[in-house]
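J.: In this text, residue positions in the sequence shown follow the working numbering: the first is 24, and each later residue adds one.
The structure's right below; bear with me while I get my questions together.
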Amino acid sequence: MNFVDIAILVILAAFMIKGLTRGLVKEICALAGLVVGGLAAFAYYAPLAQWLLDTLGVPSKIAVVAAFLALFLLSLVIFAVLGFVLSRFVRLIFLGGFNRVFGGLFGLAQGAVLLALILFALSLGPLPDFLKNGYRGSHLSPPFIKLGAAMFQAGTEYVEHN
């Protein structure tokens, strides 16, 4: 086990602890907020930017950034509030333990996906010698790199067919 393996384990543990403390409901709502926020921001930033430009006279570059960020952050806030309310409800019906345990598993999965994408991306380019040696001696990075490659391939195929 080398420093790359230790870093992988620390990151996975951090994501699992985050999931355990927040619970499944909040974790799912946070992820949904990111996805919906990204989709909403990309889909509707142009009309909102135009409105900011026309109504408030904001310069166009600032209007575009402000519109994108406003839509993205608004979605995050809405889903965070939804997660808070639903978490309270789950606790009221005595499913708090279930919520936390599965939140930990969900957090672990989030960490694994993030690590897979990052390690795959790092494997594509030239690395400094200390990282190259760390990759070669790592027992945990190869499965994550393979997962990242499979996710990248699936995403590429999805985009090409839609």
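Every residue, glycine too, gets a C-beta built ideally from N, C-alpha and C.
May I ask you to report which of helix, strand or coil DSSP gives M24?
T.: coil
J.: F106 and L43 look like a contact to me (Cβ under 8 Å); what is the Cβ gap, rounded to whole Å?
T.: One point to set straight first is that residue 106 is Gly, not Phe, in the sequence displayed. So it is not a contact: roughly 15 Å between Cβ atoms.
J.: Quick check: the region 112-124 against the region 62-78, are there 3 or more CB pairs under 8 Å?
T.: Put simply, the region 112-124 does not touch the region 62-78. Fewer than three CB pairs are less than 8 Å apart.
J.: Under 7 Å Cβ to Cβ from I34, same chain only, skipping five residues before and after it: list those, please.
T.: Around I34: G134 and L138.
J.: On the premise that G160 lies in contact with N25, defined as a C-beta separation below 8 Å, what is that separation, rounded to the nearest angstrom?
T.: 5 Å
J.: Note down the Cα distance separating P166 from V81, rounded to an integer number of angstroms.
T.: 49 Å
J.: Who are the Cβ neighbours of L96 in its own chain at under 8 Å, not counting the five residues just before and after it?
T.: These residues qualify, in order along the chain: G60.
J.: Between which residues of its own chain and A64 is the CB-CB distance below 6 Å, once the five residues before and five after are set aside?
T.: Excluding sequence neighbours, A64 sits near F91, L94 and F95.
J.: Would you mind working out which of D152, V100 and F143 sits nearest G56, comparing C-alpha positions?
T.: V100
J.: List in chain order: all unbroken alpha helix (DSSP H) runs of 4+ residues lying wholly within the region 63-129.
T.: Qualifying alpha helix (DSSP H) stretches, in chain order: 83-115.
J.: State the Cα-Cα distance for the pair L143 and I29, rounded to the nearest angstrom.
T.: Sequence inspection shows Phe at residue 143; the Leu mentioned does not correspond to that position. Approximately 17 Å between the Cα atoms of the pair.
J.: Looking only at its own chain, which residues have a Cβ that is under 6 Å from the Cβ of K41, when we skip the five neighbours before and after it?
T.: G130
J.: Can you tell me the Cβ-Cβ gap for L109 and C52, rounded? I've got them flagged as a contact below 8 Å.
T.: 7 Å
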